[in-house]
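The numbering of the sequence shown is the numbering used here, which starts it at 440 and goes up by one.
Here's the structure we're looking at; comments come further down.
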Amino acid sequence: MYDELAEKGKLSANDALPLSYDQHCLVGVSKPFDPKEHDMLRRETCDFEIVIPKSDPFYAIYMPLPGDRVSWAVIHNVPKASAKEGEARFSEWGPEATAEMIDFVRHQPSPFKCTLGEVIDRTPTHLISKIMLEEKYFESWYNRRVVLLGDACHKVVPSAGLGANLAILDGVHLCNLLVDMPSPTQENIAIVFENYFNNRSKVAQAALDNARQFGKVMSNRGFVSEVVRKIFFNYIPDWMTRWQNTQRLQFRPQLHFLPQVPDRGTPKAQPQESRLFVSVATA
Ligand SMILES: Cc1cc2nc3c(=O)[nH]c(=O)nc-3n(C[C@H](O)[C@H](O)[C@H](O)COP(=O)(O)OP(=O)(O)OC[C@H]3O[C@@H](n4cnc5c(N)ncnc54)[C@H](O)[C@@H]3O)c2cc1C
């Protein structure tokens, strides 16, 4: 699709640029810890804890899993300007890059009365992965009869936990339009893809902004960033957090040809989109 758009001179300069890596991420699932010793493993709810060091340019997230295991992730933000050098020094994939990043982060304290390094040591090697994460909003979502969805047209760093959510709901929106399409003519396909793009691109852009801001709050270092973080985590009133969540999660299309799922979420969903072809389809 990109080749064809480029041939026609319709590929935007932004889309033609290669991706740059914005975050280096190390993830793993540990062997069981003793729940008697760790309050986090005894809680009714699956809360997760984040450790943000004062000066190191990375933070760690810990989540309890069934069987008293712990899922952990270390995220190292790479400033765009130095994405090809400086801090982006773990730029390779593979076991050496993994070992190098482990060495870099292992001294950090964890919520488990031990260092992050000891949590990592408690993790079988085959359950440790190092991933490089990119962030990019693409402008080309479709061409003729080809359409993109999910990470292929909007890559979001996982800071705000929105990437899979967006990908699934892209699929739902597109599916709702395609099943109603009266006939698969190029004209109808163009109408479907345009409607899909107009609706979902706004949501994707907002999610990217949200993930980027959250990533900055978590990763920026220095006095000002620390103050911002303190306010963000301690003094933002609940109603504002709920409002923010509503902004992120209000577009929740459902497949219109299946029984509707009741809206049990605290942030309520926007009403379902009206059906684009319904009058044609039922005529
Ligand atoms: C560490 C991490 C944590 C994350 N946490 C969250 C989270 O908490 N919440 C959230 O919502 N999102 C999260 N995400 C993001 C989420 O995983 C992605 O946004 C989502 O998986 C995108 O779905 P997708 O179907 O677009 O792409 P993918 O899941 O990448 O699926 C694409 C598939 O296509 C296959 N493929 C690629 N090339 C070819 C080919 N040539 N031929 C055939 N198959 C091919 C791939 O193998 C892959 O299976 C996280 C991502 C990472 C890396």
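We treat Cβ as the ideally placed atom computed from N, Cα and C, and that holds for glycine.
Would you mind reading off the limits of the beta strand (DSSP E) that contains isoleucine 675?
Taking the first residue of the sequence shown as 1, we reach residue 675 at position 236. Per DSSP, isoleucine 675 lies in no beta strand (DSSP E) and is assigned neither H nor E.
Sequence-distant residues of the same chain with beta carbon closer than 7 Å to asparagine 582, five excluded per side:
As a first step, residue 582 is located in the sequence shown; it is residue number 143 there, counting from the start. Hits under 7 Å: Met440, Glu443, Leu444.
Using CA coordinates, which residue listed in Val558, Arg668, Asp702, Leu504 is at the minimum distance from isoleucine 491?
For the purposes of this step, residue 491 is taken as the residue at position 52 of the sequence shown. When only C-alpha atoms are compared, the closest one is Arg668.
Bridge partners of threonine 554, per DSSP?
Taking the sequence shown and counting its residues from 1, one reaches residue 554 at position 115. Paired residue(s): Pro548.
May I ask whether a heavy atom of ligand 1 can be found less than 7 Å away from the beta carbon of leucine 572?
Here the question's residue 572 lines up with position 133 in the sequence shown. Under cutoff, so the answer is yes.
Alpha carbon of proline 623 to alpha carbon of leucine 588, nearest angstrom
Here residue 623 refers to the residue found at position 184 when the sequence shown is read from its first residue. Here residue 588 refers to the residue found at position 149 when the sequence shown is read from its first residue. Spanning the two alpha carbons is a distance of roughly 19 Å.
Quick check: what's the CA-CA separation for leucine 644 versus alanine 603?
Counting from one through the sequence shown, the residue named residue 644 turns up at place 205. Counting from one through the sequence shown, the residue named residue 603 turns up at place 164. According to the sequence displayed, residue 644 carries glutamine and not leucine. When rounded, the distance between both Cα atoms is 15 Å.
Cysteine 464 by DSSP, collapsed to three states: which one?
Counting from 1 along the sequence shown, the entry for residue 464 is found at position 25. Here cysteine 464 sits in strand by DSSP.
Just to confirm the assignment, what range does the alpha helix (DSSP H) spanning glutamate 633 have?
Your numbering for residue 633 matches position 194 in the sequence shown. Boundaries of the alpha helix (DSSP H) harbouring glutamate 633: 625–658, taken from the DSSP string.
Beta-bridge pairing of proline 503 - partner residues as DSSP gives them:
Position 64 of the sequence shown holds residue 503. DSSP, once it has assigned bridges, lists Val509 as partnering proline 503.
Cα-Cα separation between glycine 525 and tryptophan 511, rounded to whole angstroms
Counted from its first residue, the sequence shown places residue 525 at position 86. Counted from its first residue, the sequence shown places residue 511 at position 72. Confidence at glycine 525 is low in this model, with a pLDDT of 39, below 50, so the placement of that residue should be treated as unreliable; the coordinate-derived value is given next. The straight-line gap from Cα to Cα measures roughly 25 Å.
Tell me whether lysine 575 sits in a helix, a strand or coil according to DSSP, three-state version.
For the purposes of this step, residue 575 is identified with residue 136 of the sequence shown, where counting begins at 1. The DSSP-derived three-state label of lysine 575 is strand.
Assign isoleucine 491 to one of three DSSP states: helix, strand, or coil.
Numbered from its first residue, the sequence shown carries residue 491 at position 52. Residue state for isoleucine 491 is assigned as coil, using DSSP reduced to three classes.
Chain-order list of residues whose beta-carbon lies under 6 Å from that of alanine 455 (same chain, five-residue window excluded)
The residue you call residue 455 lines up with position 16 of the sequence shown. So the list is empty, once near-sequence residues are dropped.
I want to check one thing, is the minimum distance from the CB of cysteine 614 to the heavy atoms of ligand 1 below 7 Å?
By 1-based counting over the sequence shown, the position of residue 614 is 175. The answer is no for cysteine 614.
Decide if arginine 482 is buried, meaning its Cβ has at least 16 other Cβ atoms within 10 Å, or exposed.
Taking the sequence shown and counting its residues from 1, one reaches residue 482 at position 43. With fewer than 16 Cβ atoms within 10 Å of its Cβ, arginine 482 is classed as exposed.
Taking only the alpha-carbon atoms, compute the straight-line gap between alanine 650 and valine 642 and give it to the nearest angstrom.
Reading the sequence shown from its first residue, position 211 is the one you call residue 650. Reading the sequence shown from its first residue, position 203 is the one you call residue 642. When rounded, the distance between both Cα atoms is 12 Å.
Sequence-distant residues of its chain with Cβ nearer than 7 Å to asparagine 634 (five each side left out)
Within the sequence shown, numbered from 1, the residue matching residue 634 stands at position 195. Sequence-distant Cβ neighbours of asparagine 634 in its own chain, meaning closer than 7 Å and more than five residues away, are Leu616, Leu715.
DSSP puts asparagine 516 in a beta bridge; with which residues?
As a working mapping, residue 516 is identified with position 77 in the sequence shown. Note: asparagine 516 is bridge-paired with Gln462 in the DSSP secondary-structure output.
Please report how far the alpha carbon of asparagine 627 lies from the alpha carbon of proline 597, in whole angstroms.
Counted from its first residue, the sequence shown places residue 627 at position 188. Counted from its first residue, the sequence shown places residue 597 at position 158. Cα to Cα, the separation comes out at about 35 Å.
Check whether the region 469–483 touches the region 545–564, taking contact to mean three or more Cβ pairs, one atom from each stretch, closer than 8 Å.
The region 469–483 is in contact with the region 545–564.
If we count the other Cβ atoms within 10 Å of its Cβ and call it buried at 16 or more, is phenylalanine 724 buried or exposed?
Only positions 440 to 722 of the chain appear in the structure, and residue 724 is not among them; the question remains open.
DSSP beta-bridge partners of isoleucine 567
Taking the first residue of the sequence shown as 1, we reach residue 567 at position 128. Beta-bridge pairing by DSSP links isoleucine 567 to Gly467.
By alpha-carbon positions, which one of Lys449, Ala646, Gly610 ends up nearest to glutamine 686?
In the sequence shown, counting from the first residue as 1, residue 686 sits at position 247. Closest by C-alpha distance to glutamine 686, out of Lys449, Ala646, Gly610, is Ala646.
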